[in-house]
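Our numbering puts the first residue of the sequence shown at 6, with every later residue one more than the last. Ideal Cβ positions, reconstructed from N, Cα and C, are used throughout, including at glycine.
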Amino acid sequence: MKKRWQETCRFAGVPSYLLPYADHVYDSLIASQYSEPHRRYHTLEHIKHCFAELLGCRTSSTSFGSYNNQKLLPAVEMAIWFHDIHYNINEPKQELASSKVCIDRCIRMEISAVGHEAETMIKMSDHVPYWDSAAINEAEKVFLDIDLSILGQDSYDYSIYEAQIRAEYKRVPDEIFYSKRKEILRGFLERPSIYYTDFFKNKYEEQAQFNLIRTVAKIENANR
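Written as structure tokens, this is what we have:
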């Protein structure tokens, strides 16, 4: 993944003399944070999956490549790297904390414009509220859809994701965890759609609806 980080930094315009510092950011911060022992889902594997989804989106003739937001693509990549850099279930506003880390490192790497765009995207990644599509740009929609792409995976992969999330919250009693989990999933189901872009709607919406409806039903049945 370090090579992918280096590609992002060059793409974002990090000056050559600061690329060694960018390597330091990866080694001392990114690799370290995403390897914290309490993480199960929010790891570098999640970041790797996000980049795979971005690649698929970019190469589709009906997706990012057709939008007038190519200039924001470096910010999407930087947001992917930093959006879960701070992950502590005992602390609120983790997206805000992650966004602050992002803009701080981007300013140091002399890509502040990219950093500010990425900062905005990360702040939105708590996915609350459902953003009016007319109020956000296509790059922001793509980033948010990528972050939620796990919801539309096949039933087996989605079940692994749910188990990983439960493991990250293992200290939370079942009654509290599943009550909050049901509330979160219902929130997604109550939206006009889970995804913003046509690309991700066509790719994942139906499966995501199925996964979330079934999970909410299982939680409700378990509590009867």
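- For residue 15, the secondary structure class from DSSP, reduced to helix, strand or coil, is helix.
- Here the region 144 to 151 makes no contact with the region 105 to 121; the two share fewer than three CB pairs at distances below 8 Å.
- In the structure shown, the three-state DSSP call for residue 185 is helix.
- It is roughly 20 Å from the alpha-carbon of residue 76 to the alpha-carbon of residue 104.
- Membership of residue 58 in the alpha helix (DSSP H) is indicated by the continuous run 49 to 64.
- Taking the CA atoms as reference points, residue 191 sits about 8 Å from residue 217.
- The C-alpha of residue 181 lies about 36 Å from the C-alpha of residue 6.
- For residue 216, the enclosing alpha helix (DSSP H) starts and ends at 211 to 227.
- Beta-carbon to beta-carbon, residue 109 and residue 47 are separated by about 20 Å, too far to satisfy the 8 Å threshold.
- Around the C-beta of residue 213, 16 or more other C-beta atoms lie within 10 Å, and the residue is accordingly described as buried.
- If you draw a 10 Å sphere on the C-beta of residue 19, you find 16 or more other C-beta atoms in it, and that means buried.
- With fewer than 16 other Cβ atoms from the protein chains shown falling within 10 Å of its own Cβ, residue 60 counts as exposed.
- DSSP places residue 207 in the helix class (H, G or I) of the three-state scheme.
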